[in-house]
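Down below is the structure, laid out as structure tokens.
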Amino acid sequence: MEETTDASAAMQQEQQQPLMRMKVMVAIDDSEESFVALKSVLDNLYGIAGVVPESGMLTMVHVQEVSIPLSIL
Numbered sequence: 634m635e636e637t638t639d640a641s642a643a644m645q646q647e648q649q650q651p652l653m654r655m656k657v658m659v660a661i662d663d664s665e666e667s668f669v670a671l672k673s674v675l676d677n678l679y680g681i682a683g684v685v686p687e688s689g690m691l692t693m694v695h696v697q698e699v700s701i702p703l704s705i706l
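In our numbering, the protein residues as written are 634 to 706.
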């Protein structure tokens, strides 16, 4: 019975703590390295989010190079 009380007390303490939310931003382009970085972030973020629902937010920024004709410059 004492174990149940300890578990109950631990759950109550966990519920009283403010929810911490992780914010992650990943900038990607067309390179293989950026996709590896994105996969790593997703694996880690979903690993945490699987334990604590709504514990994180991911923002992705897709970067593209724009070619400007020399005649404009």
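Even for Gly, the Cβ is constructed at its ideal location relative to N, Cα and C.
Distance check between Met658 and each of Asn677, Val669, Ser664 and Thr692 places Thr692 closest, using alpha-carbon atoms only. In this structure, the straight-line span from the alpha carbon of Ile661 to that of Asn677 is close to 17 Å. Per DSSP, reduced to three states, the secondary structure at Val657 is strand. For the options Ser667, His695, Pro702 and Val674, the alpha carbon positioned closest to that of Met655 is the one of Val674. Restricting attention to Gln697, Met690 and Ile701, the CA atom closest to the CA of Ser664 is found in Gln697.
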